[in-house]
Amino acid sequence: MLSTSLTDPESRRLRALRDLDILDSEPDPRFDEVTRLAAELFEVPITAVSLVDSERQWFKSSVGLEVCETSRDVAFCEYAIRNDAVMVVPDATQDPRFKDNELVVGEPGIRFYAGAPVRFDGVLVGTLCLVDTEPRHDFGLTEARRLTALASTISAMMAMRKDGLVKRQVIQKHDETQKKLEMMEAIAGVGYWSVDIAYQTVQWSRGVYAIQGLDPKAYTPNMADSELRYHPDDWPMIKRMLRAAMIEGKPFKFEARMYRTDGKLRNVIAEGSVERDASGKPVSLFGVFQDITEQRLIEETLTEAKIAAENFAQAQSDFLSNMSHEIRTPLTTIIGYSNLLAETEGLPEEAQGYVGRLQKGSKALLGLVNDVLDFAKLEAGLVTLDPQPTDLRDLVEEACGQFAVQTRAKGLGLHLDYDPACPEHVLIDDVRLNQVLYNLIGNACKFTARGDIRIKVMAVSRLPLNLRIEVRDTGPGIAEDQQDRLFRRFSQADHSINRQHGGSGLGLAICQEISRLMDGQMGVESVEGEGSCFWLEFPAEAINAPAELIEAAPEIGHLNILIADDHPHMRQMLRAILSGRAGAVCEASNGAEAVAACMTQGFDLILMDIHMPVLDGVTAARTIREHCSFNASTPIVALSAFAAETVWQGVEPLFAETLVKPVDPAALLNALDLVLPPEPEFVRSCRK
Numbered sequence: 021m022l023s024t025s026l027t028d029p030e031s032r033r034l035r036a037l038r039d040l041d042i043l044d045s046e047p048d049p050r051f052d053e054v055t056r057l058a059a060e061l062f063e064v065p066i067t068a069v070s071l072v073d074s075e076r077q078w079f080k081s082s083v084g085l086e087v088c089e090t091s092r093d094v095a096f097c098e099y100a101i102r103n104d105a106v107m108v109v110p111d112a113t114q115d116p117r118f119k120d121n122e123l124v125v126g127e128p129g130i131r132f133y134a135g136a137p138v139r140f141d142g143v144l145v146g147t148l149c150l151v152d153t154e155p156r157h158d159f160g161l162t163e164a165r166r167l168t169a170l171a172s173t174i175s176a177m178m179a180m181r182k183d184g185l186v187k188r189q190v191i192q193k194h195d196e197t198q199k200k201l202e203m204m205e206a207i208a209g210v211g212y213w214s215v216d217i218a219y220q221t222v223q224w225s226r227g228v229y230a231i232q233g234l235d236p237k238a239y240t241p242n243m244a245d246s247e248l249r250y251h252p253d254d255w256p257m258i259k260r261m262l263r264a265a266m267i268e269g270k271p272f273k274f275e276a277r278m279y280r281t282d283g284k285l286r287n288v289i290a291e292g293s294v295e296r297d298a299s300g301k302p303v304s305l306f307g308v309f310q311d312i313t314e315q316r317l318i319e320e321t322l323t324e325a326k327i328a329a330e331n332f333a334q335a336q337s338d339f340l341s342n343m344s345h346e347i348r349t350p351l352t353t354i355i356g357y358s359n360l361l362a363e364t365e366g367l368p369e370e371a372q373g374y375v376g377r378l379q380k381g382s383k384a385l386l387g388l389v390n391d392v393l394d395f396a397k398l399e400a401g402l403v404t405l406d407p408q409p410t411d412l413r414d415l416v417e418e419a420c421g422q423f424a425v426q427t428r429a430k431g432l433g434l435h436l437d438y439d440p441a442c443p444e445h446v447l448i449d450d451v452r453l454n455q456v457l458y459n460l461i462g463n464a465c466k467f468t469a470r471g472d473i474r475i476k477v478m479a480v481s482r483l484p485l486n487l488r489i490e491v492r493d494t495g496p497g498i499a500e501d502q503q504d505r506l507f508r509r510f511s512q513a514d515h516s517i518n519r520q521h522g523g524s525g526l527g528l529a530i531c532q533e534i535s536r537l538m539d540g541q542m543g544v545e546s547v548e549g550e551g552s553c554f555w556l557e558f559p560a561e562a563i564n565a566p567a568e569l570i571e572a573a574p575e576i577g578h579l580n581i582l583i584a585d586d587h588p589h590m591r592q593m594l595r596a597i598l599s600g601r602a603g604a605v606c607e608a609s610n611g612a613e614a615v616a617a618c619m620t621q622g623f624d625l626i627l628m629d630i631h632m633p634v635l636d637g638v639t640a641a642r643t644i645r646e647h648c649s650f651n652a653s654t655p656i657v658a659l660s661a662f663a664a665e666t667v668w669q670g671v672e673p674l675f676a677e678t679l680v681k682p683v684d685p686a687a688l689l690n691a692l693d694l695v696l697p698p699e700p701e702f703v704r705s706c707r708k
């Protein structure tokens, strides 16, 4: 190639040649006709339309040549495209540029050459050239003008060819777009429509025809048929919207029922806008039309499924509530009376042993019941967190203290390491966190025969605050292949564990669910034969220590108390716990009796069972608050087989406190201290 660098004009020329999209194209009879005409007109054996790219010259059409291209290095056209004029070489053997050219010294033995520029978009891209094997000195201005005219014809033909290609591409693109649009219409159940307001003519896309169930070849849409296609109850609304659109130019959107030609009723949505003329007058409507029948069916199915799921969840909640009530109520009686027996003075030693076994067995049963019911509530989504200002150090210390006797009896060390960087007061659900700690520390005590149990509290991060609690033991450890079973429900690492230590296999599963409720995570690290470390990480909010309120404890020996519970044994047990502490105790076996009692006298405290016949505890408490003036502000303590968060849902202002059955005597007396107002000093002094 004679030119090795691409100047800016050369870059433009090559870009124009690429845009022409003609190189290596199929032969074209129109170009062949021009080259034959040139050969006859100028009486030469060789003519060609030569296009020069960066490496070669390619012949779009030629006469007398057996090749379709040559290297650009030997091309006469390489020189011809440099000038905007006809280039003439009378005798190549006498021209220094070409005398050694292989096309001169070899085949085809070029002697004479004349080339006129061929342009595209104003840029030289090639030549129409004449070649003879004999020198010619008779090619003058007249011949040059004729060759230029033929070259201009070639240029025009190339431009026309390009225009044709562009038009075909546009048409092809339009056809492809139209097909895609029709496919999308079919998939989405959408069609497009327009209405000429003046002529009342209607046009539909294929999508609208498909929705209507009509054949485009057999039906022409019109306004008159519209009423027949829609449900009679919907047509007045549609007619009103269309009239407002045509007269006032208001856009519209409606959902209606439409009859297809096969008689099937479909749900459709139509949405339209208005096109206006220069004066603002509406001239046409256009918009979309969509079949939403399947969508509505899905929505109806989902609604029905949602209602069924809600009904099932409510039934599950009611079942759990009833089962919890029916199981915990007799347990309350058993545990309550066993506690009272244990406090009885002068009880024979053998009887004390029986009472101890009774207490241990009933508490074990209570633990099992609590696990099953708690997990059922967690799975049913009936548990929500109730964050409260909490002294975290006190909470953990109290959790450890619950196992102090057990660890001393086994000779185990029990240690707490509280990171000084960890805030002491945080906003968390202390009840649920205590439940997790009780389970983890209890497991560590259960499975550790010798050594130590260490509880560590630390701050993983400060902003935001993330806490980590570890319970590490020196027990037998857990094999790696069994660790993934630990947090599954009803599963323990080894089946022999249940035989040796008991348990429901739900404790860790419950802890895992609670950790998820807390937006935290839980895990275990263990080496068989060395011990285990169970950890809990969770976000928390650090708070300032709440101000301490110092109040005088109420004197409950002179209180008038109402006990409302449908189980007589429960009422008797509560009366026994309060024996010697209350001045008077009134009993009611259902909510209606409790309301009746509150209508006639005032009470200092009301203990209200939630689940009772005739009138439940919540309704009774609400009635007392609203209609019993004597007891409008009397503290009401709820007695429930469910946890406090279940009772609080929607009824928080009604109850001052909630006690979960089975009721512990100490918990009951503590509740009285919390909910009863302190007595004025002068009243206490009078009683003294």
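Here the sequence shown stands for residues 21 to 708, numbered as in the working numbering.
Beta carbons: idealized from backbone N, C-alpha and C, even for Gly.
- C-alpha of V477 to C-alpha of L506: approximately 22 angstroms in a straight line.
- Cβ-Cβ distances below 7 angstroms link E500 to nothing in the same chain once the five nearest sequence neighbours on each side are left out.
- Pairing G603 with H578, the inter-Cα distance amounts to about 4 angstroms.
- Here the C-alpha atom of T221 lies approximately 10 angstroms from the C-alpha atom of T240.
- In the three-state scheme derived from DSSP, where H, G and I count as helix and E and B as strand, N459 is classed as helix.
- Here the C-alpha atom of A218 lies approximately 56 angstroms from the C-alpha atom of L71.
- The C-beta of I354 has 16 or more other C-beta atoms within 10 Å across all chains shown, which makes the residue buried.
- Looking at the backbone, the Cα of P155 and that of Q192 are separated by about 50 angstroms.
- A contact between stretches requires three or more CB pairs, one per stretch, nearer than 8 angstroms, and the region 555-564 fails this requirement with the region 579-587.
- In the DSSP assignment, L485 falls outside any alpha helix (DSSP H), carrying neither H nor E.
- For the set K237, Q315 and G300, the Cα lying nearest the Cα of E275 is the one of Q315.
- The DSSP assignment places complete beta strand (DSSP E) segments of no fewer than 3 residues inside the region 270-358 at 272-279, 285-296 and 302-311, in order along the chain.
- Annotation: F51 is outside any beta strand (DSSP E); the continuous alpha helix (DSSP H) that includes it extends over P49 to F62.
- For the pair of segments examined, the region 430-441 was found not to touch the region 397-408: the number of CB pairs separated by less than 8 angstroms stays below three.
- With a 10 Å radius around the Cβ and a threshold of 16 neighbouring Cβ atoms, M243 comes out exposed.
- Under DSSP, T90 forms a beta bridge with Q77.
- 9 angstroms or more divides the Cβ of N610 from the Cβ of L528.
- A straight line joining the alpha-carbon of V106 with that of A136 spans about 4 angstroms.
- Under the rule that a run must span 4 or more residues, the alpha helix (DSSP H) segments found entirely inside the region 614-671 read 637-647 and 664-668.
- In this structure, DSSP gives H435 an extended state, which the three-state scheme calls strand.
- Non-local beta-carbon contacts of I461 in its own chain, meaning distances under 8 angstroms to residues more than five positions away in sequence, involve A419, C420, Q422, F423, I473, I475 and V491 in chain order.
- Distances from the CA of D585 to each of R508, P350 and Q503 were compared; the closest alpha carbon is that of P350.
- Residue ranges of uninterrupted alpha helix (DSSP H) with 4 or more members, entirely inside the region 198-259 and ordered along the chain, are 226-232 and 246-249.
- Annotated three-state conformation of N390 is helix, per DSSP.
- In the displayed model, C97 falls within a helix according to three-state DSSP.
- The C-beta distance from F675 to I644 rounds to 11 angstroms, too long to fall under 8 angstroms, and the pair is not in contact.
- In the DSSP annotation of this structure, T494 is not part of any alpha helix (DSSP H), being labelled neither H nor E.
- In this structure, DSSP gives D472 an extended state, which the three-state scheme calls strand.
- For H589, there is no enclosing beta strand (DSSP E); the enclosing alpha helix (DSSP H) has its first and last residue at P588 to L598.
- The continuous beta strand (DSSP E) containing L679 extends over residues E677 to V680.
- In the assembly as shown, D493 is a buried residue. Its beta-carbon has 16 or more other beta-carbons within 10 Å.
- Pairing F339 with L305, the inter-Cα distance amounts to about 59 angstroms.
- Rounded to the nearest whole angstrom, the CA to CA distance from D235 to Y229 is 6 angstroms.
- The alpha-carbon separation between D629 and A658 amounts to approximately 6 angstroms.
- For M177, DSSP records no beta bridge to any residue.
- Look at the beta carbons and you see the region 57-65 not touching the region 25-39: under three pairs across the two are nearer than 8 angstroms.
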